[in-house]
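Peer 1: Pasting a structure below so you can have a look.
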Amino acid sequence: MSKGKFYAGDFRLGYCAFCKHWYDPTNSAIKPLSGNWWEFDREKEARCMKSVGMKTKGRNTCGKFELKI
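What follows is the structure in structure tokens.
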């Protein structure tokens, strides 16, 4: 697991791991940390339901991002 870490105020970055269209029903790629920080698996792959089911990594970004948390 290649972990990334960022502050909750930076959700505008739009990482796929935090998008509601990225199919990870158990949210296994993201983990809340103390002090409004989040950790996520940059390498985990899941299907993007907006991009015709194309697999993307948690670190990817796109213009269709919608926050799921």
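Numbering (the working numbering), first residue to last: 1255 to 1323. We treat Cβ as the ideally placed atom computed from N, Cα and C, and that holds for glycine.
1) Let's test the definition: count the other Cβ atoms within 10 Å of the Cβ of Tyr-1261 and tell me whether it reaches 16, buried, or not, exposed.
2) Measuring CB to CB, does Arg-1301 end up less than 8 angstroms from Gly-1312?
3) When burial is assigned at 16 or more other CB atoms within 10 Å of the CB, is Glu-1323 buried or exposed?
4) For Phe-1260, list the residues DSSP reports as bridge partners.
5) CA-CA distance, Met-1308 and Thr-1315?
6) By the DSSP assignment, the beta strand (DSSP E) with Pro-1279 in it spans what residues?
7) When burial is assigned at 16 or more other CB atoms within 10 Å of the CB, is Trp-1292 buried or exposed?
Peer 2: Considering the structure as presented:
1) exposed
2) no
3) Note that residue 1323 is Ile in the sequence shown here, rather than Glu. Around the beta carbon of Ile-1323, fewer than 16 other beta carbons lie within 10 angstroms, which makes this residue exposed.
4) Under DSSP, Phe-1260 forms a beta bridge with Trp-1292.
5) 13 angstroms
6) Careful: Pro-1279 lies outside any beta strand (DSSP E) and carries neither H nor E.
7) By the neighbour-count criterion, in which 16 or more other beta carbons inside 10 Å mark a residue as buried, Trp-1292 falls on the buried side.
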